[in-house]
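A short write-up of the structure that comes next.
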Amino acid sequence: MKILVTGGTGYIGSHTVVELIKAGHEVTIIDNLFNSKIEVLDKIATLTGTKPEFHKIDILDLAGMRELFQSHDFEAVIHFAGLKAVAESIEKPLEYYETNVQGTVNLLKCMAEFKVNKIIFSSSATVYGAKNSGKLSEDLTTGVAITNPYG
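Every position in the sequence shown, counted from 1, becomes a number in this note's numbering once 230 is added.
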């Protein structure tokens, strides 16, 4: 399967890319390298024998993403790109909303335009708020008792 991984040079993204390649998938990564390093690609290649295709594209760059989608025939997207520091989200809430919300909207627009209908969206347990029983499931209410802009 041809899979686009956003944020694919980050910690979780890069580990996912390794497993996708090992499973035989064709992986393309986009990342703005804000809090990751390009050298991760060499480590992925060492572990898998394959260096994934990489494009330095920010998810806020709708034109850049459209160009990528136009030149590729993605079958699925795994979305890890975004800002993730809780304390920083309190200091810079608009940056977090812009990147995490608008960036995701940009990605979804491209997916719709190019008829890519499969997505895995990586989120955060912070969307469940501060008061939870410790057992998280997809049917829990979200957006209640949120303590920071990240969640």
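Don't be surprised by glycine CBs; every beta carbon is placed ideally from N, CA and C. Quick caveat: nothing in here was measured; it's all calculated off a predicted structure.
In the DSSP output, what is residue i paired with across the bridge?
{"i": "VAL257", "result": "ILE233"}
{"i": "ILE350", "result": "ILE308"}
{"i": "GLU249", "result": "Beta-bridge pairing links GLU249 to no other residue."}
{"i": "GLU283", "result": "THR258"}
Would you report the Cα separation of residue i and residue j, rounded to the nearest angstrom?
{"i": "ILE308", "j": "HIS255", "result": "12 angstroms"}
{"i": "THR278", "j": "ALA293", "result": "31 angstroms"}
{"i": "ASN262", "j": "VAL346", "result": "22 angstroms"}
{"i": "LEU337", "j": "ILE289", "result": "7 angstroms"}
{"i": "PHE344", "j": "ASP303", "result": "8 angstroms"}
{"i": "ALA253", "j": "MET231", "result": "10 angstroms"}
{"i": "PHE264", "j": "SER367", "result": "31 angstroms"}
{"i": "LYS322", "j": "GLU328", "result": "10 angstroms"}
{"i": "LYS273", "j": "ILE287", "result": "20 angstroms"}
{"i": "VAL248", "j": "ILE350", "result": "16 angstroms"}
{"i": "GLN332", "j": "THR280", "result": "32 angstroms"}
{"i": "THR236", "j": "ALA315", "result": "18 angstroms"}
{"i": "ALA317", "j": "VAL257", "result": "32 angstroms"}
{"i": "PHE284", "j": "ASP369", "result": "35 angstroms"}
{"i": "LYS348", "j": "ASP291", "result": "21 angstroms"}
{"i": "LEU324", "j": "ASN330", "result": "10 angstroms"}
Let me make sure I understand the geometry here. Which of the options has the alpha-carbon closest to that of residue i?
{"i": "SER275", "options": "GLU297, THR239 and GLY312", "result": "Contrary to the premise, residue 275 reads as Ala rather than Ser in this sequence. With distances taken between Cα atoms, ALA275 lies closest to THR239."}
{"i": "THR246", "options": "LEU263, LEU271, ILE289 and PHE264", "result": "LEU271"}
{"i": "PHE310", "options": "LYS267, TYR327 and ILE260", "result": "ILE260"}
{"i": "LYS339", "options": "GLU283, MET295, GLU321 and ASN262", "result": "MET295"}
{"i": "PHE299", "options": "LEU234, ASP369 and GLU321", "result": "LEU234"}
{"i": "LEU250", "options": "SER266, PRO282, GLU321 and VAL335", "result": "PRO282"}
{"i": "ILE268", "options": "ASP291, LEU290, GLY243 and VAL316", "result": "GLY243"}
{"i": "SER353", "options": "THR258, HIS285, THR334 and ASP291", "result": "THR334"}
{"i": "SER266", "options": "SER319, GLY312 and ALA342", "result": "GLY312"}
{"i": "MET341", "options": "GLU305, LEU324 and SER319", "result": "GLU305"}
Let me know the alpha helix (DSSP H) ranges lying completely inside the segment 285-346, each 4 residues or longer, listed in chain order.
292-301, 316-321, 323-327 and 333-343
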